[in-house]
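*Asks:*
Residue numbers (the working numbering): 10 to 257.
In structure tokens, the structure reads:
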């Protein structure tokens with residue numbers, strides 16, 4: 010099946026939109042197929058500001074209206090406790106309580122997302138929640154892999170075609186460690202500083218009271234050259250900085 014076939018069979022849907030490569034291409038393709046697809050962005054403390062900025066920019070460029078829904082995901086104690094299957098509980102809450110109710114009120118009975126054929130279900134507890142809630146994943150159903158989506162996005166002129174994969178801020182917190190807004194803001198602030206210095210595709214992970222930074226191998230030398238500036242910029246967020254010597 011191709012995307013045009015999917016949207017011919019499903020011409021009306023609500024899209025869980027993140028502003029990333031996959032959901033951006035899915036929205037673009039759906040609109041080109043003439044489908045009535047409305048993108049919804051759920052803003053929680055788990056998403057950094059730049060993700061919303063990218064989502065707003067992309068939808069504006071495509072001429073689509075983005076619906077932004079704010080929700081305090083940390084109000085759910087089971088999620089804030091950060092169990093090993095946190096992603097499952099988070100997806101179940103967001104898709105079930107917010108997207109389904111809001112989309113239904115807006116006249117949409119079908120919810121789709123940007124999961125692609127490269128995503129391995131066994132490694133993503135959240136995909137179990139999507140299955141339970143009958144969320145469809147057109148990219149995955151049509152066999153489109155991440156590399157193919159990037160290529161097609163570049164052809165379509167989407168600025169997201171080479172956007173690095175970005176997992177939510179909660180993934181920076183060790184399993185079992187309670188998540189609060191202040192800790193997430195510290196991680197987001199530290200990552201924003203590194204982005205501003207030109208680093209990319211990295212992670213700032215919490216390790217006890219320290220920040221453990223994971224960088225791609227080609228950026229290790231730059232880290233060494235800028236380590237004093239990095240320490241000065243990140244000191245406001247973490248007193249201790251550790252560089253993970255195993256490249257990301």
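Ideal Cβ positions, reconstructed from N, Cα and C, are used throughout, including at glycine.
For residue 52, tell me which candidate among 67, 30 and 83 has the shortest Cα-Cα distance.
*Replies:* Checked all of 67, 30 and 83; the closest Cα to residue 52 is 83.
*Asks:* Rounded to whole angstroms, what is the Cα-Cα separation between residue 173 and residue 66?
*Replies:* Each residue's Cα considered, the two are about 17 angstroms apart.
*Asks:* For residue 226 and residue 188, I'd like the C-alpha separation in whole angstroms.
*Replies:* Approximately 29 angstroms between the Cα atoms of the pair.
*Asks:* Within 10 angstroms of the Cβ of residue 143, are there 16 or more other Cβ atoms? Answer buried if so, exposed if not.
*Replies:* Exposed is the call here.
*Asks:* At what residues does the alpha helix (DSSP H) containing residue 194 begin and finish?
*Replies:* 190-205 is the span of the alpha helix (DSSP H), which, as asked, contains residue 194.
*Asks:* Taking residue 97 as part of the alpha helix (DSSP H), name the residues at either end of that continuous run.
*Replies:* Run containing residue 97: 95-102, per the alpha helix (DSSP H) assignment.
*Asks:* Per DSSP, residue 144 forms a beta bridge with which residues?
*Replies:* BP columns for residue 144 are empty, so no partner.
*Asks:* Comparing alpha-carbon positions, which option in 224, 228, 200 and 149 lies nearest residue 245?
*Replies:* Ranking the options by Cα distance to residue 245, first place goes to 200.
*Asks:* Checking 8 angstroms against the spacing of the C-beta atoms, do residue 123 and residue 139 come in under that value?
*Replies:* For residue 123 and residue 139, no; Cβs fall outside 8 angstroms.
*Asks:* Could you have a look at residue 76 and say whether DSSP puts it in helix, strand or coil?
*Replies:* Here residue 76 sits in strand by DSSP.
*Asks:* What does the alpha-carbon distance come out to for the pair residue 235 and residue 247?
*Replies:* Their Cα atoms are separated by approximately 17 angstroms.
*Asks:* Should the segment 89-101 be called in touch with the segment 56-71, which here means at least 3 C-beta pairs below 8 angstroms?
*Replies:* Too few Cβ pairs lie closer than 8 angstroms, so no.
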